[in-house]
Amino acid sequence: MSRLRSHPERHAVSRIGWLRAAVLGANDGIVSTASLIVGVAASGADRSAIFVAGAAALVAGAMSMAAGEYVSVSSQADTERADLAREKSELASQPDFERRELADIYMARGLDEDLAFRVADQLMANDALGAHARDELGISEVVAARPVQAALTSAATFSAGALMPLVLVAITPPASLVLTEIVATLLFLALLGALGAWAGGAQATRSIMRVTFWGALAMAATAGIGRLFGTTL
Ligand SMILES: [Zn+2]
1 MSRLRSHPER HAVSRIGWLR AAVLGANDGI VSTASLIVGV AASGADRSAI
51 FVAGAAALVA GAMSMAAGEY VSVSSQADTE RADLAREKSE LASQPDFERR
101 ELADIYMARG LDEDLAFRVA DQLMANDALG AHARDELGIS EVVAARPVQA
151 ALTSAATFSA GALMPLVLVA ITPPASLVLT EIVATLLFLA LLGALGAWAG
201 GAQATRSIMR VTFWGALAMA ATAGIGRLFG TTL
């Protein structure tokens with residue numbers, strides 16, 4: 001990993017992890033809460049009803065993100081643990097087969113047989129399980145799963161995103177709420193899109209178009225539902 005970090009052109013890889021997750025969480029929070037608020041507001045509900053709906057959306061969304069992330073990362077961790085345990089026992093019970101297996105992987109990547117076995121032998125002498133984990137199972141320490149941390153991060157970034165449309169409900173006059181929510185949401189999404197693109201070292205315009213398109217679609221859909229089933233509009 002230290003070698004990877006020393007390459008300046010790979011910097012996006014180490015930056016992308018947490019920042020990309022944070023941007024995605026905030027993105028979810030903004031889109032789902034703002035769409036819900038736009039839908040309820042378009043139905044002609046009063047400010048307190050809109051606020052309650054928005055606050056409930058924030059809490060429900062944050063909990064659902066946390067639960068989903070916890071379950072997904074835990075099951076990934078379980079799978080990795082089981083794979084490593086099986087690999088460990090195979091290394092103990094059939095070392096020759098495992099040596100052959102690792103050398104085959106290096107041959108498939110282009111090394112000749114002699115060199116492949118030398119690489120396999122040296123790596124296995126140093127850290128047999130580590131070599132098999134990386135090259136056979138694709139597990140590296142960098143992606144080692146931390147479910148609680150992932151769950152808390154998801155919930156926190158979702159809430160941070162959801163807070164923006166909710167604060168607007170409190171400070172915007174009801175008559176202009178729908179328009180204000182839509183404009184502010186698209187602006188924030190564009191900002192997050194730019195941030196996400198920077199984090200991933202990707203092109204900003206494409207990323208901004210992508211997130212604002214889906215945000216606009218979500219708000220158009222809920223505004224339509226609000227108007228369709230609304231009482232006063
Ligand atoms: Zn193996």
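Residue numbers (this note's numbering): 1 to 233. Beta carbons: idealized from backbone N, C-alpha and C, even for Gly.
query, result
"Ligand 1 heavy atom lying under 6 Å from the CB of GLU181", "no"
"Residue closest to GLY68, alpha-carbon to alpha-carbon, out of ALA108, LEU177, GLY193, VAL148", "VAL148"
"Beta carbon nearer than 7 Å to a non-hydrogen atom of ligand 1", "GLU87, GLU90, LEU91, GLU98, GLU101, LEU102, HIS132, GLU136"
"Neighbourhood of ALA194 by C-beta distance below 8 Å, restricted to the same chain and skipping five residues each side", "ALA204, SER207, ILE208"
"Same chain, Cβ closer than 8 Å to VAL73, neighbours up to 5 away in sequence not counted", "ALA145, ARG146, PRO147, ALA150, ALA151"
"Collapsed DSSP secondary structure at GLY25 in the structure displayed", "helix"
"Of the residues THR157, GLY201, ALA49, the one placed nearest ALA21, counting alpha carbons only", "THR157"
"ALA175: first and last residue of the uninterrupted alpha helix (DSSP H) it sits in", "Per DSSP, ALA175 belongs to no alpha helix (DSSP H) and is neither H nor E."
"Assigned exposure category for PRO174 - 16 Cβ within 10 Å defines buried", "exposed"
"Residues near SER140 by beta carbon distance below 6 Å, same chain, minus five either side", "ARG134"
"SER154 versus SER75, ALA55, ALA60, SER89, residue with shortest Cα-Cα distance", "ALA60"
"Beta-carbon spacing of ILE50, ALA42 below 7 Å", "no"
"SER43, DSSP secondary structure in three states", "coil"
"C-alpha gap between LEU168 and ALA34, whole angstroms", "10 Å"
"For ARG81, the three-state DSSP class (helix, strand or coil)", "helix"
"Supposed close pair ALA53, ILE37 - CB separation, criterion 8 Å", "7 Å"
"Distance, LEU84 Cα to ALA45 Cα", "55 Å"
"Reference GLY161; option with closest CA among GLY138, VAL178, LEU187, LEU177", "LEU187"
"Boundaries (first-last residue) of the alpha helix (DSSP H) holding LEU217", "204-229"
"Cβ shell of ALA66 (< 6 Å), same chain only, five flanking positions each side left out", "ALA151, SER154, ALA155"
"Whole-Å CB distance - ILE105 paired with GLU80, under 8 Å assumed", "The Cβ separation is near 18 Å, so there is no contact."
"Neighbourhood of MET107 by C-beta distance below 7 Å, restricted to the same chain and skipping five residues each side", "GLU113, ALA116"
"Cutoff 7 Å; reference GLY230; Cβ partners in own chain excluding five residues on either side", "ALA42, SER43, GLY44"
"Contacting residues, own chain, Cβ-Cβ under 7 Å from ALA216 (five flanking each side not counted)", "LEU186"
"DSSP three-state assignment for GLY201, whether helix, strand or coil", "coil"
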